[in-house]
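Student:
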């Protein structure tokens with residue numbers, strides 16, 4: 029006749045306590061039941077703080093980035109953060125899609141031969157070249173600058189205006205007789221500086237939108253389609269900020285070199301460039 033399996037005797041054998049009394053056996057069986065429960069409770073007591081800390085870390089990380097976004101350093105709708113190179117003008121940046129009409133035969137006020145309306149458009153574009161900034165702004169970028177004599181701030185400029193100045197300077201060089209640039213000092217050196225500056229600026233702001241190509245009559249190679257939608261800063265918003273902080277960079281009541289005398293030769297002739305950068 030088969031022997032029945034006594035669970036209690038098996039437990040006694042495993043625990044090394046044979047011939048145990050009924051009372052002791054009941055206590056040991058109770059311990060077997062409680063042991064897994066205690067182990068689970070111990071694991072839970074360790075896991076709960078870990079989960080809590082992970083939750084708090086995620087919460088404060090989200091709060092941190094939300095705080096910087098609230099401060100206005102991050103231009104809206106763009107990959108550019110403004111955190112790597114601070115500027116107070118970041119608050120004016122509004123990104124938007126813009127279609128470039130850049131076919132060779134397209135025309136606008138900035139293109140074409142020299143004429144009064146073209147020069148007027150460029151002069152207006154480069155109007156707010158000099159802006160005043162605060163000491164706090166200079167501290168944030170770890171720079172110093174020329175203080176304005178009226179104590180209203182320090183001389184600065186948005187770099188985009190320097191790039192536009194360079195572009196206009198190269199354009200005028202193409203018509204140097206018209207603009208009377210033939211006798212200008214360091215002309216080729218200035219042109220070389222401007223070309224390299226614009227090159228760096230283009231590479232820094234690398235625009236990676238896709239340009240497509242088409243077959244056109246009477247040309248054996250694929251022709252680029254220059255009608256492209258780009259992600260652009262709203263220029264009117266930048267101009268508004270620049271004009272709000274603008275001052276006359278040629279105003280000698282605000283700017284006066286402590287050692288330079290008028291009778292000394294001026295190494296830079298701004299009569300042609302029309303602005304201070």
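In the numbering used here, the protein residues as written are 29 to 305. Every residue, glycine too, gets a C-beta built ideally from N, C-alpha and C.
#1: By how many angstroms is the C-alpha of residue 210 removed from the C-alpha of residue 239?
#2: Measure the Cβ-Cβ separation of residue 254 and residue 135 and say whether it is below 7 Å.
#3: Between the Cα of residue 217 and those of 174, 231, 201, 173, spot the shortest distance and give me the residue it belongs to.
#4: Within 8 Å, do at least three Cβ pairs link the segment 179 to 196 to the segment 222 to 242?
#5: Thinking just about the alpha-carbon of each residue, which of 170, 276, 155 is nearest to the one in residue 267?
#6: Helix, strand or coil for residue 280 per DSSP?
#7: So the candidates are 171, 207, 206, 159; which of them puts its Cα closest to the Cα of residue 184?
#8: Taking only three categories from DSSP, how would you classify residue 308?
#9: Pull up the CB-CB distance for residue 182 and residue 161, whole angstroms please, since I reckon it's below 8 Å.
#10: For the beta strand (DSSP E) containing residue 127, list its first residue and its last residue.
#11: Who are residue 243's beta bridge partners in DSSP?
#12: Which residues bound the beta strand (DSSP E) around residue 259?
#13: Tell me the DSSP secondary structure of residue 226 in three-state form.
#14: Rounded to a whole number of angstroms, what is the C-alpha to C-alpha distance between residue 247 and residue 123?
#15: Straight-line CA distance for residue 27 to residue 149?
#16: For the ligand ADP, I want to know if residue 200 counts as a neighbour, meaning its beta carbon is within less than 6 Å of at least one of the ligand's heavy atoms.
#17: From the DSSP output, which residues share a beta bridge with residue 175?
#18: Start and end of the beta strand (DSSP E) containing residue 160?
#19: With distances taken from CA atoms, which of 186, 151, 167, 126 is nearest residue 137?
#20: Tell me the DSSP secondary structure of residue 252 in three-state form.
#21: Round the Cβ separation of residue 177 and residue 284 to the nearest angstrom and send it over; I've been treating them as touching at under 8 Å.
#22: Restricting to Cα atoms, I'd like to know which of 252, 226, 259 is closest to residue 236.
#23: Under 7 Å Cβ to Cβ from residue 270, same chain only, skipping five residues before and after it: list those, please.
#24: Measure how close the beta-carbons of residue 234 and residue 120 come, nearest whole angstrom, since I'm counting them as under 8 Å.
#25: Taking the alpha carbon of residue 168 as the point to measure from, which residue in 175, 112, 140, 125 has its own alpha carbon closest?
Tutor: Straight from the coordinates:
#1: If I take the Cα positions, the gap works out to 38 Å.
#2: Between residue 254 and residue 135, the CB-CB gap reaches or exceeds 7 Å.
#3: Checking every option, the nearest Cα to that of residue 217 belongs to 201.
#4: A contact is defined here as three or more CB-CB pairs under 8 Å, and the segment 222 to 242 meets this definition with respect to the segment 179 to 196.
#5: Per the Cα distances, 155.
#6: Per DSSP, reduced to three states, the secondary structure at residue 280 is coil, with no helix or strand assignment.
#7: Nearest neighbour of residue 184 by Cα position, chosen from 171, 207, 206, 159, turns out to be 159.
#8: The requested residue 308 does not occur in the structure, where the chain is confined to residues 29 to 305.
#9: Contact flag correct, Cβ pair sits at about 5 Å.
#10: Here the beta strand (DSSP E) through residue 127 covers 123 to 129.
#11: Paired residue(s): none; residue 243 is not in a bridge.
#12: Where residue 259 is concerned, the enclosing beta strand (DSSP E) stretches over 255 to 261.
#13: Assigned with DSSP and collapsed to three states, residue 226 falls in helix.
#14: Approximately 37 Å, taken between the alpha carbons.
#15: No answer is possible for residue 27: it lies beyond the span of the chain, which begins at 29 and ends at 305.
#16: This structure lacks the ligand ADP, and indeed carries no ligand of any kind.
#17: Partner(s): 182.
#18: For residue 160, the enclosing beta strand (DSSP E) starts and ends at 159 to 161.
#19: Ranking the options by Cα distance to residue 137, first place goes to 151.
#20: Residue 252 falls in the strand class under three-state DSSP.
#21: Their Cβ separation, rounded to whole angstroms, is 7 Å, which keeps residue 177 and residue 284 in contact under 8 Å.
#22: Ranking the options by Cα distance to residue 236, first place goes to 259.
#23: Here the set comprises 156, 159, 186.
#24: About 22 Å; that fails the 8 Å criterion.
#25: The option with the nearest alpha carbon to residue 168 is 112.
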